[in-house]
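In this note's numbering, the protein residues as written are 2 to 255.
From the three backbone atoms N, C-alpha and C, an ideal C-beta is built for every residue, glycine too.
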Amino acid sequence: MSKKVIIGNWKMNPFTSKEAEKLFSGVAENISDIKKTEVVICPPFIYLEKLKKLSKKIILGAQDAFSGDVGAFTGEVSAGMLYSVGARYVILGHSERRALGENNSDINKKIKSALDAGLRPILCVGESVRDENHGYFNLVKAQLEECLAGVSKTIISKVIIAYEPVWAISTTPDRKDATSDDCREMAIFIKKILSDKFSAEAGKIRIIYGGSVNEKDAGDFLKNGGVDGLLPGRASLDAKKFTEIVKICEALEK
Ligand code: 13P
């Protein structure tokens, strides 16, 4: 089985390249003895190349990638370009991008082109609200099926699924805390959908949790949430908190 993974999504932070280097180095200095946990940081595109030079241990990821290699797509950045500056992962289908108009079909194209370019997609799925009739399970099922349509069994193990209930994300107005029980229930459901689609290969797909996870509840989600890692946003902007989450993961019985 693959290592557990802690992925920091910096979103559109920090404001300057100097701050980015300081934050990144602050993490790098404190994780030199980490062996069992994969540590990934996803900064804004423009910091990737510089940060790449600061640590061999931290794996870099991007927060989006366009489908296609090169061409007349003003403002876009391709997966191949990101690979060439050192990214090895890419977050795709984050709810903040879906809110800007990205749909499952767009995400599906991006996943395929990321895989072609050698990037490992971190596919984000999750509902905005939990309705009483449990319709949110169907929504997550559709996100998985449509975003992963046509992805072959032979390469599916490269994909990570991040369950991010939008109602729990730190910037959602009137947000609520998700519990490790909420997480485990959804992780089991996601495993079932993946196993129906990819048979035995589904067992190699890591499922992680994001949604306001921090150094205080990381242990609970990792021990009781049925997941193989975490995707903190806000907590990843504090080197001490992020490192603490990594160390909690490292200390788990495997
Ligand atoms: P927060 O940890 O700030 O809630 O963000 C979660 C997230 O969106 C990670 O991708």
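Inter-residue spacing [alpha-carbon to alpha-carbon] between residue i and residue j
i	j	result
D65	D34	30 Å
I161	L124	6 Å
S158	S114	16 Å
T172	K57	32 Å
I170	N215	11 Å
I7	I92	13 Å
K23	S96	28 Å
S129	S181	18 Å
I206	G62	18 Å
G102	F190	26 Å
S68	F138	28 Å
S153	A203	11 Å
K193	L140	15 Å
DSSP three-state assignment for residue i, whether helix, strand or coil
i	result
R235	helix
G81	helix
V160	coil
G72	coil
I194	helix
I8	strand
E216	coil
D132	coil
I108	helix
F199	helix
D175	coil
Cβ pair residue i, residue j closer than 7 Å
i	j	result
L120	Y84	yes
I42	G9	yes
C148	N105	yes
V86	L116	no
Q144	V126	yes
P44	A29	no
F25	L52	yes
L231	Y210	yes
K12	G234	yes
C250	K5	yes
G76	A240	no
Assumed close pair residue i, residue j - CB separation to whole angstroms, cut-off 8 Å
i	j	result
G226	A252	Contact doesn't hold; Cβ gap of about 16 Å is too wide.
T38	V228	Actually they do not touch by this definition, with Cβ atoms about 13 Å apart.
A118	A150	Actually they are not in contact, since the Cβ atoms of A118 and A150 sit about 19 Å apart, beyond 8 Å.
C184	F222	6 Å
N14	L238	6 Å
Beta-bridge partners of residue i, as assigned by DSSP
i	result
P122	V91
L61	I42, A88
F67	S79
Y210	Y164, L231
Residue i at chain D interface by Cβ criterion, 7 Å
i	result
E251	Among the chains in the structure shown there is no chain D, since it carries only a single protein chain.
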